[in-house]
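Residue numbers (the UniProt record's numbering): 1 to 244.
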């Protein structure tokens with residue numbers, strides 16, 4: 001483990017790692033507070049703080065000032081100094097021995113497709129959006145298809161290839177704000193659209209989950225409406241709706 005670790009610190013480390021495993025916590029998901037951990041184990045908070053420092057150094061967990069402890073390691077910061085944990089998609093890919101791959105299939109600029117979407121994005125019915133079709137894969141195995149809608153008035157120009165690296169990092173880079181909240185609605189359905197069936201390499205009437213989500217920046221401004229079709233046999237759904 002670590003040279004010089006005390007038995008009490010080891011007890012805390014083992015407790016946290018077992019909690020992550022037993023609760024199936026993914027990167028980015030919040031852990032108990034240090035006070036709560038100390039109370040549950042019957043150990044001083046100072047000992048818990050030293051033990052969490054060890055796990056942070058090992059990149060098992062990370063700390064966000066004012067928010068607490070989270071599963072995973074801190075990744076590369078963007079220009080505004082904000083950080084990103086390994087995403088649930090990348091985590092699931094690695095868990096299955098694959099690399100998470102994002103492929104842009106098509107890009108277009110169009111009038112917002114519906115009044116409901118215009119309302120969700122707080123734009124006029126006559127305003128335009130970027131419509132981006134993005135395929136999410138484990139190596140070359142498709143697991144999800146995203147229909148991404150971004151308001152043109154919020155993003156005057158875009159390098160769409162950057163969405164093959166990290167959508168939220170790029171949105172934050174363009175806006176200078178943090179992606180904070182995802183409001184999601186999930187629906188089970190059977191596939192009938194031949195184009196989606198072909199892209200996901202499934203068959204007609206296969207069961208999938210459709211996620212309709214609106215994504216908000218930290219100032220409350222909606223920045224995206226995403227309609228995603230998920231093959232949950234390959235990509236189990238369990239992720240935070242709010243980022244630390």
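Note that beta-carbon positions come from the ideal geometry of N, C-alpha and C, so glycine has one too.
What you are looking at is a predicted structure, and each value in this text was computed from that prediction instead of being measured.
*How about residue 228 and residue 211: do their beta carbons lie closer than 8 Å?*
Inclusion of residue 228 and residue 211 in the CB contact set at 8 Å is warranted, their separation being smaller than that value.
*Would a C-beta distance cut-off of 8 Å place residue 45 and residue 35 closer than the cut-off?*
It is a contact, given that the beta carbons lie within the stated cut-off.
*Through-space distance from residue 12 to residue 135, alpha-carbon basis*: As the crow flies, the alpha-carbon of residue 135 is around 41 Å from that of residue 12.
*Sequence-distant residues of the same chain with beta carbon closer than 7 Å to residue 70, five excluded per side*: Taken in chain order, the residues that qualify are 28, 29, 30, 31, 61, 62, 64, 85 and 244.
*Residues bridged to residue 131 by DSSP?*
Per DSSP, the beta-bridge partners of residue 131 are 108 and 149.
*Nearest-angstrom Cα separation, counted from residue 119 out to residue 199*: One C-alpha to the other measures close to 29 Å.
_Am I right that residue 213 and residue 180 are in contact with their C-beta atoms under 8 Å? What's the rounded C-beta distance?_
At roughly 13 Å, the Cβ-Cβ gap does not stay under 8 Å, so residue 213 and residue 180 are not in contact.
_So, with DSSP's three-state summary, where would you put residue 194?_
Correct three-state label for residue 194: helix.
_For residue 41, tell me which candidate among 15, 222, 98 and 160 has the shortest Cα-Cα distance._
Taking only the C-alpha atoms, the option nearest residue 41 is 15.
*Using only alpha-carbon positions, find the residue among 6, 20, 178 and 221 that is nearest to residue 121.*
It is 221 whose Cα lies nearest to the Cα of residue 121.
*Below 8 Å CB to CB, which residues in the same chain sit around residue 161 once its five sequence neighbours on both sides are set aside?*
The residues 104, in chain order, have a CB closer than 8 Å to that of residue 161 in the same chain once the five nearest residues on each side in sequence are set aside.
*Which of helix, strand or coil does DSSP assign to residue 138?*
Three-state result, residue 138: strand.
*Whole angstroms is fine: what's the gap from residue 81's alpha carbon to residue 148's?*
In this prediction, residue 81 scores a pLDDT of 37, lower than 50, which makes its location untrustworthy; the coordinate-derived value is nonetheless stated afterwards. Whole-angstrom Cα-Cα distance: 26 Å.
*Alpha carbon to alpha carbon, how far is residue 90 from residue 58? Give it in angstroms, no decimals.*
CA-to-CA, the gap between residue 58 and residue 90 works out to about 19 Å.
*Decide if residue 192 is buried, meaning its Cβ has at least 16 other Cβ atoms within 10 Å, or exposed.*
Residue 192 should be labelled exposed.
*For the UniProt domain "HTH gntR-type" (6 to 74), which segments carrying the beta strand (DSSP E) assignment without a break, of at least 3 residues, lie completely within its bounds, in sequence order?*
Runs of the beta strand (DSSP E) lying entirely within the UniProt domain "HTH gntR-type" (6 to 74) and spanning at least 3 residues, in chain order: 61 to 64 and 68 to 71.
*Under 8 Å, do residue 112 and residue 139 count as touching if we go by C-beta distance?*
It is not a contact, given that the beta carbons lie outside the stated cut-off.
*Determine the direct distance from the alpha carbon of residue 97 to that of residue 108, and round the result to whole angstroms.*
Going by the C-alpha atoms only, they are around 34 Å apart.
*Given residue 115, which residues of its chain have a CB within under 8 Å of its CB, disregarding the five upstream and five downstream residues?*
Counting only Cβ-Cβ distances below 8 Å, and skipping sequence neighbours, we find 125.
*Would residue 204 be called buried (16 or more neighbouring beta carbons within 10 Å of its own) or exposed?*
By the neighbour-count criterion, in which 16 or more other beta carbons inside 10 Å mark a residue as buried, residue 204 falls on the exposed side.
*asked:* By the three-class DSSP mapping on this structure, what secondary structure does residue 183 have?
replied: Of the three classes helix, strand and coil, the one that applies to residue 183 here is strand, per DSSP.
*Is the Cβ-Cβ distance between residue 54 and residue 8 less than 8 Å?*
Not closer than 8 Å, so no.
*Are the CB atoms of residue 231 and residue 143 nearer to each other than 8 Å?*
Going by C-beta atoms, residue 231 is nearer than 8 Å to residue 143.
*Nearest-angstrom Cα distance between residue 18 and residue 6?*
Distance between residue 18 and residue 6, taken at the CA atoms: about 18 Å.
*How long is the line joining the alpha carbons of residue 217 and residue 170, rounded to whole angstroms?*
Cα-Cα distance, rounded: 13 Å.
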